[in-house]
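Enquirer:
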Amino acid sequence: MIKRTTLLTLMGLGLLSMGITACNTVEGAGQDIENAGETVQDAAN
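Each position in the sequence shown, counted from 1, maps to that position plus 16 in my numbering.
1) What residue does the alpha helix (DSSP H) around residue 40 start on, and which one ends it?
2) State the Cα-Cα distance for the pair residue 57 and residue 38, rounded to the nearest angstrom.
3) To the nearest angstrom, how far is the alpha carbon of residue 52 from that of residue 41?
Right under this line is the structure:
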């Protein structure tokens, strides 16, 4: 059976990696939206 501290460490690392991935995904989506907005502005001018 896995020790409690080992299990908690693995769970913490898993949550950390998911959090980092989510931040990168949100940042990328924000950049895409910003680029789309700039394209619309350029087309309107």
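Beta carbons: idealized from backbone N, C-alpha and C, even for Gly.
Source: prediction; values computed, not measured.
Expert: The answer reads as follows:
1) 20-60
2) Taking the straight line from one Cα to the other gives about 29 Å.
3) For the pair residue 52 and residue 41, the Cα-to-Cα distance works out to about 17 Å.
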